[in-house]
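Quick notes on the structure that follows.
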Amino acid sequence: MQSPAVAVVDTQESAMIRGMRAVTLGTATAAVALMITGGASAAAAAVPAAPPTAIPQLAPAEPGTLGECESLIAFEFGGTVITSAELVAAGPLSGVQVGEHCLVRGHMNERVSDVDGQTYRIGFEMRLPTDWSGRYLYQGNGGLDGNVATALGRAGSESGLQLGFAVISSDAGHPGSMGPTFGIDPQARLDYGYQAVGTLTPMAKALIESAYGKGPDRSYMTGGSNGGRHTMVGAARSADQYDGFLAVAPGFNLPQAAVAQVWGAQQWATVATNVADLNTALTPAERRVLADAILARCDGLDRLEDGLVQDSERCQKAFSIDRDVPTCAADRDGTCLTPEQKSVVADVFAGARTSNGEEIYSSFPFDPGLAQANWAFWKFFASRILDPGAIGFIFGTPPDPSIPASPLTADIDAIAQSIYATSGIYTESGMEFMTPPDPARLDTLRERGGKMIVVHGASDGVFSVDDTATWYDELDANSGQKADQFVRYFEVPGMGHVSGGPATDQYAGLTALVDWVEYGSAPDRIDAWVNPANPDVPADWADDLSRPLCPYPSVARYTSGDPDSADSFACKHSGGGVGLG
């Protein structure tokens, strides 16, 4: 049985895979050849003014009560068509118990593309609770979007709808049946990147006003993976429209990460016994050997051997793959790694680079959560099947179907450049429309009293916590070492992409964000716990095992008491050395 959070991610990724398999590359190649011209330009960095010294405190939201649901079918807003409005009784919804609410479905800005002849529109659903908290939540969805996921506003252990938020979910402006080929249409690219959020936000607030007789007092965004990217982009582009942001496993440098994935696939292929199955490059048994070696060297650095590496910074200094992992004296047998495997693992974790040594994407930390199946999915499957299509049709300019057709022979230097290029009708590069503009300066967020919480798993197989930590360090430097006044970043040891892994991956992030935004209670720690239904949780862990998630750069250290309880840990700064400190 999977946890609800894991099930949501799996559903999103399955939709991505189905869309990818629906692509007919031969047809797309002919279409792209007719539509694209050359040319490239570099993006210019914005330099906002320095932030002020004081941060205002926002007032709490005031509750409201839903009016008549069915009458919302007549709601009017520019470019918007409401297709249904119906009252939904209290009960289970996608594994969550929710209260009575009004479900409104519709779409915006329907058009026929003059580039590829396809019909595009921004599909959405809104769920408006009868007993409303006065809060609005934009739910960013994962993968390539393309499907209107159920508007639950799920994050960690919580659902925004369950907490009384009015929640919107969208397909970001394209049908999932197209797979990545929607990127042939330049407007669909922009909608996917950031413009769908800008289009939907004023409509959603107007719909809330029609439903409750007033607009939302407080507005929030959340999402994991690509939804975390949407949230990070929102904090940079839409901080005047939203008060709080909860970004989980944010792929805020998604085009770079996708190129790194293809680069990684090419490295793994050199040690795979079957290049059609990159899992043979590092089998589950071999990943377990690697994970156990990391634990043996790093588990006790937080003063308790419990199967979790809390002090990741010290671990990276203490652990050596050459010294600590058994080397095969003969053939591979699942108890060791060959020198060639060790070399590839070291290179992949050090981060992707071009042929002349320029960094493509961040390094990854060694963490024992790499033994989980989700880590392998991203490294060995997505890197060959999903990421090449995203680069070839969406992130790279001009679109190039040869990348998804032959990812193991793709020119890495060329595709690394393509995500920064513009050409003809493609006026914004992949790195421009997909990433936050100047993410290390969030002056608008700070100046209006907004807050952001970022949560990221140490064993995320596609987006690296090293990249997130580097971003936070830069933000902190630009904020006079006071970024924690409005942004806090929490790393989850062992957790994979969005959730799962041998980790305490359940937490009340939305509640912590509301408490900070509306009541000034900054999260000095967020307690997290295991989901016993998570198959990655070790059998000898207690069902109620809990740990504090600590704001970066502090880490959880055992003090005294029950080793299964978060109360027995304190958040302390890592000394960066290899001793206990």
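Counting in our numbering, the sequence shown runs from 33 upward without gaps.
For glycine and all other residues, C-beta sits at the position ideal for the given N, C-alpha and C.
Per DSSP, residue 263 is one residue of the alpha helix (DSSP H) stretching across 258-269. Residue pairing by DSSP leaves residue 197 without any beta bridge partner. Looking at 344, 170 and 143, the one whose alpha-carbon comes closest to that of residue 264 is 170. Beta-bridge partners of residue 488 (DSSP): 523.
Taking residue 545 as reference, the option from 252, 130, 227 and 600 with the minimal CA-CA separation is 252. In the assembly as shown, residue 260 is a buried residue. Its beta-carbon has 16 or more other beta-carbons within 10 Å. If you draw a straight line from the Cα of residue 493 to the Cα of residue 143, it comes to about 37 Å. Taking a cut-off of 8 Å on C-beta distances, the segment 127-144 touches the segment 105-118, as three or more cross pairs fall below it. Within the segment 443-489, the complete alpha helix (DSSP H) segments at least 4 residues long are 444-450, 462-466 and 475-479, listed from N- to C-terminus.
Using a Cβ distance threshold of 8 Å, residue 395 and residue 428 do not count as a contacting pair. With fewer than 16 neighbouring CB atoms inside 10 Å of its own CB, residue 390 falls in the exposed class. It is roughly 18 Å from the alpha-carbon of residue 471 to the alpha-carbon of residue 392. If you draw a straight line from the Cα of residue 420 to the Cα of residue 294, it comes to about 7 Å.
Residue 303 is a Cβ neighbour of residue 376, given a cutoff of 8 Å. Non-local beta-carbon contacts of residue 185 in its own chain, meaning distances under 7 Å to residues more than five positions away in sequence, involve 169, 171, 191, 192, 193, 197, 199 and 254 in chain order. In the DSSP assignment, residue 434 falls outside any beta strand (DSSP E) and lies within the alpha helix (DSSP H) extending over 434-437. Under DSSP, residue 166 takes part in no beta bridge, so it has no partner. For residue 510, no beta strand (DSSP E) segment is defined; the enclosing uninterrupted segment is the alpha helix (DSSP H) at 497-510. By alpha-carbon distance to residue 189, the top candidate from 554, 563, 222 and 550 is 563. For the 8 Å CB-CB criterion, residue 249 and residue 131 do not form a contact. Separation of residue 347 and residue 525 (C-alpha to C-alpha, rounded to the nearest whole angstrom) is 12 Å. Taking C-beta separations shorter than 6 Å and ignoring five residues to either side along the sequence, the partners of residue 279 in its chain run 260, 263, 264 and 486, following chain order. Exposed is the label assigned to residue 100, since fewer than 16 other Cβ atoms lie within 10 Å of its Cβ. Taking 8 Å as the cut-off, the beta carbon of residue 177 is found closer than this to the beta carbon of residue 203. Where residue 602 is concerned, the enclosing beta strand (DSSP E) starts and stops at 601-605. Exposure of residue 355 is indicated by the presence of fewer than 16 other C-beta atoms within 10 angstroms of its C-beta.
Under the DSSP assignment, residue 322 falls in the alpha helix (DSSP H) whose first and last residues are 316-330. With a beta-carbon spacing of about 24 Å, residue 463 and residue 489 fall beyond the 8 Å limit used to define contacts. Taking the Cα positions, residue 361 is about 37 Å away from residue 536.
Between residue 92 and residue 551 a beta carbon distance of about 7 Å is seen, short of the 8 Å cut, so the two are scored as contacting.
By the Cβ-count criterion, residue 372 is exposed, with fewer than 16 other Cβ atoms from all chains shown falling within 10 Å of its own Cβ.
Collapsing the DSSP output to three states places residue 539 in a strand. DSSP, read as helix, strand or coil, puts residue 370 in coil.
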